[in-house]
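For reference, the structure is listed below as structure tokens.
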Amino acid sequence: MRYPAAAPLTTLQVSPLVLHPKVRMSDKIWLRSYPPGMPAEIGVSPFSSVPELLEDTIRRYADKPAFHNLGHTISFNELERLSRDFAAYLQTLPGMVKGERVAIMLPNLLQYPVVLFGILRAGLTVVNVNPLYTARELEFQLKDSGARAIIILENFAGTLQKALPNTAVNHVICTQVGDLLPAPKRWLVNFVIKYVKKMVPRWKIGGAQSLRDALNRGCNEKLAAPRIGHDDIAFLQYTGGTTGVAKGAMLTHGNMLANLEQVNLWISQSFKEAREIAVAPLPMYHIFCLTSTLGFLKWGSMILLITNPRDLPAFVKELAKWKFSVLTGVNTLFNGLMNTPDFEKLDFSALKVVVGGGASVQKAVAERWQKITGTFLTEAYGLTETSPGVCCTPLGMPWNGTIGLPVSSTEVTIRDESFAELPPWDGKAEIERHTGEICVRGPQVMRGYWNNPEETARTIQDGWLKTGDIGFMDLNGYVTITDRKKDMILVSGFNVYPNEVEGVVMAHPGVAECAVIGVPDERSGEAVRLVIVKKDPSLTKEDIIAYCKTQLTGYKRPHLIEFRDSLPKTPIGKIMRRELRDERGENAK
224 MRYPAAAPLT TLQVSPLVLH PKVRMSDKIW LRSYPPGMPA EIGVSPFSSV
274 PELLEDTIRR YADKPAFHNL GHTISFNELE RLSRDFAAYL QTLPGMVKGE
324 RVAIMLPNLL QYPVVLFGIL RAGLTVVNVN PLYTARELEF QLKDSGARAI
374 IILENFAGTL QKALPNTAVN HVICTQVGDL LPAPKRWLVN FVIKYVKKMV
424 PRWKIGGAQS LRDALNRGCN EKLAAPRIGH DDIAFLQYTG GTTGVAKGAM
474 LTHGNMLANL EQVNLWISQS FKEAREIAVA PLPMYHIFCL TSTLGFLKWG
524 SMILLITNPR DLPAFVKELA KWKFSVLTGV NTLFNGLMNT PDFEKLDFSA
574 LKVVVGGGAS VQKAVAERWQ KITGTFLTEA YGLTETSPGV CCTPLGMPWN
624 GTIGLPVSST EVTIRDESFA ELPPWDGKAE IERHTGEICV RGPQVMRGYW
674 NNPEETARTI QDGWLKTGDI GFMDLNGYVT ITDRKKDMIL VSGFNVYPNE
724 VEGVVMAHPG VAECAVIGVP DERSGEAVRL VIVKKDPSLT KEDIIAYCKT
774 QLTGYKRPHL IEFRDSLPKT PIGKIMRREL RDERGENAK
């Protein structure tokens with residue numbers, strides 16, 4: 224999760240420089256602003272792994288509901304049985320030894336937590352994959368991770384079929400949308416999706432196994448519980464980091480357990496065991512939803528999985544069935560919900576915590592949300608590399624333009640280009656003298672990037688993770704983001720890296736040069752703007768749109784396309800994206 228500037232620098236009132244050389248962020252000045260009772264540090268987790276935490280949760284809440292989706296609920300006992308069976312099945316597959324990578328390419332369905340916990344219980348590593356990836360994007364992630372197996376929704380199997388030959392994957396498990404629903408609903412849902420709505424393109428993958436068959440096989444096998452410790456890798460979570468090349472952040476069981484504890488301390492002050500209903504509209508393959516879901520489960524909460532949050536009328540209709548108490552989302556989702564008919568009629572009496580992440584929460588959205596629901600939007604900040612939580616605003620605090628305070632056992636400093644620590648801003652001095660790269664240290668920080676020691680060394684220095692985000696900290700410990708060090712674009716909470724999009728577009732034979740930048744967008748926060756110098760004079764916007772559809776996930780595709788005779792460049796020929804960003808719209812041809 225990354226955020227654009229909370230407020231433009233031009234809106235801040237500054238006075239002559241007043242330095243406070245004795246006040247350093249390394250003194251943990253944020254602790255003075257902690258809510259009453261909030262500990263400065265977390266202890267070492269009593270659990271050795273995420274599966275051990277799950278098993279403890281199941282023992283305490285066995286018959287309570289764990290997940291609900293598409294009108295069906297599974298209990299913690301059912302989650303235990305199904306995930307155990309899947310773990311046992313995985314252990315029967317050739318080559319699936321401890322630590323091997325297994326990819327999940329699913330939307331929010333009951334199958335997701337089942338296979339997720341099954342993979343972890345088998346001692347394997349989860350590789351989360353965006354189900355909307357193109358064959359090119361999927362092939363890269365499978366090759367880079369070295370995944371040996373993949374669980375995929377049948378709707379996307381055609382994409383896998385194209386990507387598969389150049390990967391190490393030799394075990395494919397396919398599932399249909401309704402596979403974990405009871406009969407006859409299961410049969411009806413699968414029939415309608417496949418034959419009525421025709422949402423499953425033709426595909427053929429030799430040796431592919433169905434998930435239901437895999438579970439049936441696993442229930443007759445013994446599960447050899449592996450020894451898993453804090454240093455074992457739980458997830459390879461892919462991100463562009465502070466550059467445009469996708470990398471797998473190695474998140475260990477220790478990283479995840481630490482962040483679960485950190486986040487829980489911050490947001491669960493009013494939670495009651497086995498009483499909360501947490502709504503999960505964001506995809507579980509996204510680190511924000513993944514960690515928050517695991518954290519809510521720890522309380523015995525029921526997780527309401529929303530498969531298609533873009534269908535806002537259906538989403539609101541589903542919310543009307545529940546007295547939900549927790550909701551996580553992004554700014555665009557909150558804004559969309561409030562603009563959907565009947566949202567204001569929902570019962571918000573049980574709503575306790577609403578957390579916005581993935582993109583900055585806008586003031587107008589936060590204030591309107593509080594007015595309609597009676598609940599404040601809590602803003603959270605983090606990165607894939609930090610499992611993800613780093614900072615959070617205290618519960619019950621109105622929008623203040625910051626990303627909050629560092630969570631327990633987390634240190635945040637602001638560093639200049641020489642990596643020297645900058646003092647906090649006192650509200651009077653020239654703010655630029657206190658603004659630098661936000662750096663993070665804590666038990667939730669990743670081990671490093673998978674098979675990429677060079678990038679790991681560039682990103683982690685002296686134990687500090689360099690986030691690539693630019694900002695400052697005030698004397699009360701609140702952190703504000705003002706810019707991003709790199710050119711990453713944030714579309715509805717998802718990172719888009721200009722280098723990747725430019726690389727795809729440059730492969731088109733009609734393109735001579737191109738540049739990609741982000742532009743403000745009311746619906747998605749930012750959108751992708753593509754500027755092209757033609758090689759083929761007959762090239763059209765429609766040609767580029769059609770081409771990008773075959774190469775890029777929807778949120779990465781250009782929203783605005785322009786053609787120009789030339790691009791602004793430095794004396795050494797480097798395209799100046801910043802100049803493009805600064806240009807007025809009427810200068811474009």
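Quick note on this note's numbering: the sequence shown kicks off at 224 and runs consecutively.
Glycine residues also receive a C-beta, built at the ideal position from the N, C-alpha and C atoms.
Q: Assuming Gly471 contacts Asp367 (C-beta within less than 8 Å), just tell me the rounded distance between them.
A: Rounded, the Cβ-Cβ distance is 6 Å, consistent with contact.
Q | beta strand (DSSP E) segment containing Phe458, residue limits | A | 456 to 462
Q. What does DSSP give as the partner residues of Met328 in its beta bridges?
A. Met328 pairs with Ile375.
Q.
Within 8 Å, do at least three Cβ pairs link the segment 385 to 397 to the segment 353 to 365?
A. They touch, by the three-pair rule.
Q.
Here's the rule I'm using: 16 or more other beta-carbon atoms within 10 Å means buried, otherwise exposed. How should Tyr604 be labelled?
A. buried
Q) Using the rule of at least 16 other Cβ atoms within 10 Å of the residue's Cβ for burial, across every protein chain shown, is Asn562 buried or exposed? A) exposed
Q. Buried or exposed: where does Asp692 fall if 16 or more other Cβ atoms within 10 Å of its Cβ makes it buried?
A. That one is buried.
Q: Ignore the nearest five residues each way along the sequence and tell me which others in Thr475's own chain have a CB closer than 7 Å to its CB.
A: His453, Asp454, Asp455, Ile456, Ala457, Arg670
(Q) Under DSSP, the beta strand (DSSP E) around Leu474 begins and ends at which residues? (A) 470 to 475
Q | Under the three-state DSSP convention, the category Asn351 falls into | A | strand
Q: Pull up the distance between the alpha-carbon of Leu574 and that of Tyr770, whole angstroms please.
A: Leu574 and Tyr770 have their C-alpha atoms spaced approximately 44 Å apart.
Q.
Considering only DSSP beta bridges, list what Asp706 is partnered with.
A. Ile693
Q. Do Cys615 and Thr636 have their C-beta atoms within less than 8 Å of each other?
A. No. Outside cutoff.
Q.
Distance check for Ile626 and Lys251, CA to CA, integer angstroms please.
A. Between the alpha carbons of Lys251 and Ile626 lies a distance of about 16 Å.
**Q.** Cβ contact (3+ pairs, closer than 8 Å) linking the segment 491 to 502 and the segment 539 to 552
**A.** When C-beta atoms of the segment 491 to 502 are compared with those of the segment 539 to 552, three or more pairs fall below 8 Å, so the two segments count as touching.
Q) Enumerated in chain order, which unbroken segments of the beta strand (DSSP E) with a length of 3 residues or greater are wholly contained in the segment 484 to 548? A) 500 to 503, 525 to 528
(Q) The beta strand (DSSP E) that contains Ile798, what's its start and end? (A) Counting along the chain, Ile798 falls outside any beta strand (DSSP E), and DSSP gives it neither H nor E.
Q | 6 Å CB neighbourhood of Trp687 in its chain, flanking five on each side removed | A | Cys662, Arg664
Q. Just how far apart, CA to CA, sit Thr465 and Gly523?
A. With a pLDDT of 46 at Thr465, under the threshold of 50, the modelled position of that residue is not reliable, and the figure given next carries that caveat. Whole-angstrom Cα-Cα distance: 36 Å.
Q) When the Cα atoms are used, what is the spatial distance from Leu332 to Val400? A) Spanning the two alpha carbons is a distance of roughly 7 Å.
Q) For Ser433, does the three-state DSSP call read helix, strand or coil? A) Strand.
Q.
Cutting at 8 Å between CB atoms, please list the residues of its own chain near Trp176, excluding the five before and the five after it.
A. Given a span of 224 to 812 for the chain in the structure shown, any question on residue 176 remains unanswerable.
Q: Determine the direct distance from the alpha carbon of Ser789 to that of Val724, and round the result to whole angstroms.
A: 19 Å
Q) What is the rounded straight-line gap between the Cα of Pro506 and the Cα of Ala652? A) 42 Å
Q. According to the Cβ coordinates, are Arg344 and Pro274 closer than 8 Å?
A. yes
Q: Tell me whether the beta-carbon of Gly716 lies closer than 8 Å to the beta-carbon of Val553.
A: Contact flag set, yes.
**Q.** Neighbourhood of Val423 by C-beta, 6 Å cutoff - its chain only, sequence neighbours within 5 removed
**A.** Glu377, Asn378, Lys417
Q: Return the chain-ordered list of same chain residues with a C-beta closer than 7 Å to the C-beta of Gly369, the five sequence neighbours on each side being excluded.
A: Arg324, Ala391
Q: Starting from the N-terminal side, write out each stretch of the alpha helix (DSSP H) that is 4 residues or longer and does not extend beyond the segment 706 to 748.
A: Correct list: 721 to 729.
(Q) At the level of alpha carbons, what is the spacing between Thr315 and Tyr257? (A) 49 Å
Q) Taking the continuous beta strand (DSSP E) assigned at Tyr604, which residues delimit it? A) 600 to 605
Q. Would you call Leu560 buried or exposed, if buried means 16 or more other Cβ atoms sit within 10 Å of its Cβ?
A. buried
Q. At a cut of 8 Å, does the segment 593 to 602 reach the segment 755 to 773 through at least three beta carbon pairs?
A. No, the segment 593 to 602 is not in contact with the segment 755 to 773.
(Q) Could you check whether the Cβ of Leu535 sits closer than 7 Å to any heavy atom belonging to the ligand SAH? (A) Inclusion of the ligand SAH in the displayed structure is not the case, the ligand content being empty and no account of it being possible.
(Q) Taking the beta carbon of Val267 as the centre, do at least 16 other beta carbons fall within 10 Å, making it buried, or is it exposed? (A) Taking all protein chains shown into account, Val267 has fewer than 16 neighbouring C-beta atoms within 10 Å of its C-beta and is therefore exposed.
Q. With respect to the beta strand (DSSP E) encompassing Pro288, which residues constitute its N-terminal and C-terminal limits?
A. 288 to 292
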